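Asks: Sequences listed follow chains S and X, in order. 191 is the number of the first residue of the first sequence in the working numbering; add one for each residue after it. 191 is the number of the first residue of the second sequence in the working numbering; add one for each residue after it. Think of the CB as a built atom: it goes at the ideal place given N, C-alpha and C, for glycine as much as any other residue. Quick caveat, the model's predicted, so the values are computed rather than measured.
There are 2 protein chains.
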Amino acid sequence: MVAAFAANAADEAYAALRAQIIRGDLEPGATLRQELLAKQLEVSRTPVREAINRLQAEGLVEVLSSRRSRVAALSRAEIRDIGDMRLALEPLAIGLAVPRLTATDLRAASFALQDADEEGDPATFGERNSRFHLALMDPCGRPRLLDAITSLLDLTDRYHRFAIADESHNDLVRDEHRRLLDAAASGNVEAAVEATRTHVGDAAARLVAMFPETAP
Amino acid sequence: MVAAFAANAADEAYAALRAQIIRGDLEPGATLRQELLAKQLEVSRTPVREAINRLQAEGLVEVLSSRRSRVAALSRAEIRDIGDMRLALEPLAIGLAVPRLTATDLRAASFALQDADEEGDPATFGERNSRFHLALMDPCGRPRLLDAITSLLDLTDRYHRFAIADESHNDLVRDEHRRLLDAAASGNVEAAVEATRTHVGDAAARLVAMFPETAP
DNA sequence: TATTGCATTTCTGGATCCAAAAACGCAGAA
DNA sequence: TTCTGCGTTTTTGGATCCAGAAATGCAATA
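1) Which residues of chain S have a Cβ atom closer than 7 Å to the Cβ of X:G249, listed in chain order?
2) Of the residues that make up the region 361 to 384 of chain S, which ones have a beta carbon closer than 7 Å to any beta carbon in chain X?
3) Identify which residue in X:S300, X:E309, X:R334 and X:A293 has its Cα closest to the Cα of X:R321.
4) Is the region 227 to 247 of chain X close to the region 368 to 387 of chain X, with three or more CB pairs under 8 Å?
5) Let me know the secondary structure DSSP gives X:L222 once reduced to three states.
6) In whole angstroms, what is the alpha-carbon distance linking S:T314 and S:P402?
7) Is there a C-beta anywhere in chain X that falls below 9 Å from the one on S:I272?
8) For X:E268 and X:A298, I'd like the C-alpha separation in whole angstroms.
9) Does any C-beta atom of chain S lie closer than 9 Å to the C-beta of X:M275?
10) Spell out whether any CB of chain X is found under 9 Å from the CB atom of S:E268.
11) Starting from the beta carbon of X:E232, find every residue of chain S whose beta carbon is closer than 9 Å, and list them in chain order.
12) Applying the criterion that 16 or more other CB atoms from any shown protein chain within 10 Å of the CB defines a buried residue, is S:T221 buried or exposed?
13) State the Cα-Cα distance for the pair S:L174 and X:S358, rounded to the nearest angstrom.
14) At 8 Å on the CB atoms, spell out the chain X contacts of S:R244, in chain order.
15) Using a C-beta cutoff of 9 Å, does S:E240 count as contacting chain X?
16) In the DSSP assignment, find the alpha helix (DSSP H) that holds X:V379 and state where it starts and stops.
17) Could you name the residues of the same chain whose beta carbon sits closer than 7 Å to that of X:L291, not counting the 5 residues immediately before and after it, in chain order?
18) Classify S:R276: buried if its beta carbon has 16 or more other beta carbons within 10 angstroms, exposed otherwise.
19) Tell me which same chain residues have a C-beta within less than 6 Å of the C-beta of S:P218, skipping the five on either side of it?
20) Can you find the residues in the same chain that come closer than 6 Å, C-beta to C-beta, to S:L343, ignoring five residues on each side of it along the sequence?
21) What does the Cβ neighbour count give for X:G273, buried or exposed, with the cut at 16 atoms within 10 Å?
22) Apply the 10 Å Cβ neighbour rule to X:D365 and answer buried if 16 or more other Cβ atoms are within range, or exposed otherwise.
23) Could you say which of S:D305, S:V390, S:R235 and S:Y204 lies nearest to S:L362 if we only look at CA atoms?
24) Give the residues from the region 336 to 352 of chain X that approach chain S closer than 7 Å (Cβ to any Cβ), ordered along the chain.
25) So the alpha helix (DSSP H) X:E238 belongs to, where does it begin and stop?
26) With a Cβ-Cβ cutoff of 9 Å, do X:H367 and X:L397 count as a contact?
27) Check the Cβ of S:L279 against every Cβ in chain X and list those closer than 8 Å, keeping chain order.
28) With S:R321 as the anchor, note down where its alpha helix (DSSP H) starts and where it stops.
29) Between which residues of its own chain and X:Q210 is the CB-CB distance below 7 Å, once the five residues before and five after are set aside?
30) For my contact list, X:S259 and X:E248 are in at a C-beta cut-off of 8 Å; report their separation, rounded to the angstrom.
31) If distances are taken between C-alpha atoms only, which option among S:L296, S:Q224 and S:A200 comes closest to S:F371?
32) For a contact defined as C-beta to C-beta under 9 Å, what are the partners of S:L282 on chain X?
33) Please list, in chain order, all residues of the same chain as X:P289 whose beta carbon is under 8 Å from its beta carbon, the five residues on each side excluded.
34) Consult DSSP for X:E366 and reduce its assignment to one of helix, strand or coil.
35) Do you know offhand how far X:G316's Cα is from X:A325's?
36) Whose C-beta lies closer than 6 Å to the C-beta of X:S157 among residues of the same chain, with five residues either side of it excluded?
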């Protein structure tokens with residue numbers, strides 16, 4: 191593992207598994223065996239179990255009929271469910287955050303945007319994209335709201351890799367990102383909220399479109 | 191314990207603790223000792239730990255600086271946070287649910303409303319109130335949205351008991367409930383969404399008002 | 001009497017153990 | 001060859017064990 195900045199083994203296991211799922215190292219549908227994961231993370235099964243439980247609560251892991259658990263594979267319906275929730279929550283967060291943005295916040299968001307928009311490992315595109323969004327919303331001062339949005343972003347991050355093959359689509363995303371950042375930077379709350387609505391709506395629609403109508 | 195309809199001990203412990211917190215048997219701020227809870231629930235510490243973890247994720251339990259955990263005591267800011275999230279999510283759920291409501295759904299909601307509005311144990315008022323709301327939103331067909339809303343309702347349920355002393359306030363709530371149910375029954379999506387917005391907004395404001403400006 | 005330091009007790013997180021349930025695989029029957 | 005049934009293996013949930021951290025309480029001192 192790259193880094194372990196967690197006080198306890200359970201947090202560490204959680205962070206490691208979450209990262210592996212989000213960047214697709216653990217593919218949707220892969221079954222999770224506690225013993226194996228414990229060996230890989232060099233801890234006992236106890237913290238692995240705790241991590242799996244948390245991931246279940248977040249929706250990144252799903253429980254099969256009985257006992258066994260696997261990496262959640264989202265359906266078209268679930269992607270739409272998540273998209274609509276983002277569309278309800280992110281404009282709220284942006285609306286609260288923009289009036290509180292400091293120069294430091296804006297600089298951080300700007301850096302995050304640069305990182306998100308440049309070419310890079312497709313596996314981490316979703317992650318980098320989410321980091322930009324969260325950087326802008328972070329100053330909203332609503333921990334629970336941010337947690338909820340983070341969970342939603344976590345769920346779809348890994349599916350973005352398939353969408354970024356289309357270059358014209360990427361240009362559009364860059365454009366929407368830029369518009370959002372500009373509105374936030376100029377302190378125009380209404381414009382920022384509207385830009386968020388547009389962008390999240392578009393992004394969700396694109397993700398939904400990736401899933402065939404009849405697929406699981 | 192009254193009922194134990196859970197297959198495994200962890201679910202059972204979770205349900206039991208959640209119920210005790212929601213109806214105020216475990217007061218905000220009370221520290222949770224695993225050993226004691228395990229003895230009370232007649233299981234070992236393992237499932238209790240799992241239950242506490244889940245409750246932490248939901249926000250009903252908070253972790254102290256180190257190790258010890260207690261029943262979450264919400265602050266004014268957190269109540270507002272939660273209220274705004276409800277205001278973002280519940281209209282969405284109602285808007286999706288109303289076109290799909292069956293006669294059975296409406297009957298269930300109507301019963302739930304009757305139960306919520308009649309005099310009864312103040313400790314369970316929040317719970318009964320939430321059940322009505324959820325009954326109306328249940329057919330929305332969005333499991334994740336419903337989970338999120340349920341979690342939010344869980345968090346504030348126990349604080350409603352203090353609000354229902356005021357009888358004029360109760361009349362207003364009954365009125366708003368009735369308006370919402372009527373709109374839903376008539377299939378008027380826009381009216382139902384608007385009634386939800388009004389009611390949730392009012393309810394959240396009343397809860398926030400209960401907390402002194404400067405309190406924790 | 002109030003306060004600081006230390007010994008004791010309590011409690012938690014993590015590891016390990018155990019029984020039961022589920023998955024697997026093989027053999028025999030159709 | 002394919003399906004079904006049974007014995008074996010694997011894996012999980014729950015219980016218990018253990019070491020370390022925090023809290024508690026007592027005593028000695030100012």
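Replies: In short:
1) By 1-based counting over the second sequence, the position of residue 249 of chain X is 59. What X:G249 touches in chain S: R334.
2) none
3) Against the second sequence, residue 321 of chain X aligns to sequence position 131. It is X:S300 whose Cα lies nearest to the Cα of X:R321.
4) no
5) Here residue 222 of chain X refers to the residue found at position 32 of the second sequence. Here X:L222 sits in strand by DSSP.
6) Residue 314 of chain S sits at position 124 when you count from the first residue of the first sequence. Residue 402 of chain S sits at position 212 when you count from the first residue of the first sequence. If you take the alpha carbons of S:T314 and S:P402, they lie about 24 Å apart.
7) The residue labelled residue 272 of chain S in the question sits at position 82 within the first sequence. By this cut-off, S:I272 is an interface position.
8) As a position in the second sequence, residue 268 of chain X is number 78, starting the count at 1. As a position in the second sequence, residue 298 of chain X is number 108, starting the count at 1. About 31 Å.
9) Residue 275 of chain X sits at position 85 when you count from the first residue of the second sequence. Yes, its Cβ sits closer than 9 Å to a Cβ of chain S.
10) The residue given as residue 268 of chain S occupies position 78 in the first sequence. Taking Cβ atoms only, chain X reaches closer than 9 Å to S:E268, which makes this a yes.
11) Locating residue 232 of chain X in the second sequence gives position 42, counting from the first residue. Result: empty, since nearest Cβ-Cβ is about 21 Å, beyond 9 Å.
12) By 1-based counting over the first sequence, the position of residue 221 of chain S is 31. It counts as exposed.
13) The question about residue 174 of chain S has no answer, for chain S in this structure spans 191 to 406.
14) Working through the first sequence from its first residue, we reach residue 244 of chain S at position 54. Those within 8 Å of S:R244 in chain X are N243 and A247.
15) Translated into positions along the first sequence, residue 240 of chain S becomes position 50. Yes, its Cβ sits closer than 9 Å to a Cβ of chain X.
16) Here residue 379 of chain X refers to the residue found at position 189 of the second sequence. Start and end: V379 to M400.
17) Looking up residue 291 of chain X in the second sequence gives position 101. Excluding sequence neighbours, X:L291 sits near P329 and A374.
18) The residue given as residue 276 of chain S occupies position 86 in the first sequence. Classification of S:R276: buried, given that the 10 Å Cβ count is 16 or more.
19) Stepping through the first sequence from its first residue, residue 218 of chain S is reached at position 28. Cβ neighbours of S:P218 beyond the five flanking positions: V261 and A263.
20) In the first sequence, residue 343 of chain S corresponds to position 153, counting from 1. Excluding residues within five positions, the ones whose Cβ falls inside 6 Å are S320.
21) Working through the second sequence from its first residue, we reach residue 273 of chain X at position 83. Buried, because 16 or more other Cβ atoms sit within 10 Å of the Cβ of X:G273.
22) One-based indexing of the second sequence puts residue 365 of chain X at position 175. Counting Cβ neighbours within 10 Å, X:D365 comes out exposed, since fewer than 16 surround it.
23) Stepping through the first sequence from its first residue, residue 362 of chain S is reached at position 172. Selected option, being the one with the closest Cα: S:V390.
24) A338
25) As a position in the second sequence, residue 238 of chain X is number 48, starting the count at 1. The residue you asked about is not Glu; residue 238 of chain X is Val in the sequence shown. Counting along the chain, the alpha helix (DSSP H) containing X:V238 begins and ends at R235 to E248.
26) Here residue 367 of chain X refers to the residue found at position 177 of the second sequence. Here residue 397 of chain X refers to the residue found at position 207 of the second sequence. No, they are not a contact pair.
27) For the purposes of this step, residue 279 of chain S is taken as the residue at position 89 of the first sequence. Simply M275, A278 and L279.
28) Position 131 of the first sequence holds residue 321 of chain S. In the DSSP assignment, S:R321 falls within the unbroken alpha helix (DSSP H) covering F315 to M327.
29) Translated into positions along the second sequence, residue 210 of chain X becomes position 20. Excluding residues within five positions, the ones whose Cβ falls inside 7 Å are L216.
30) Within the second sequence, numbered from 1, the residue matching residue 259 of chain X stands at position 69. Within the second sequence, numbered from 1, the residue matching residue 248 of chain X stands at position 58. That belief does not hold up - the Cβ atoms of X:S259 and X:E248 are roughly 13 Å apart, past 8 Å.
31) For this step, residue 371 of chain S is matched to residue 181 along the first sequence. Residue identity differs from the one stated: residue 371 of chain S is Leu in this sequence, not Phe. If we check each option's Cα against that of S:L371, S:L296 comes out closest.
32) Along the first sequence, one-based indexing puts residue 282 of chain S at 92. The answer, in chain order, is D274, M275, L277 and A278.
33) Translated into the one-based positions of the second sequence, residue 289 of chain X becomes position 99. The answer, listed in chain order, is G377 and V379.
34) As a position in the second sequence, residue 366 of chain X is number 176, starting the count at 1. Correct three-state label for X:E366: helix.
35) The residue labelled residue 316 of chain X in the question sits at position 126 within the second sequence. The residue labelled residue 325 of chain X in the question sits at position 135 within the second sequence. Between X:G316 and X:A325, the C-alpha separation is close to 14 Å.
36) This structure cannot speak to residue 157 of chain X, because chain X is shown only from 191 to 406.
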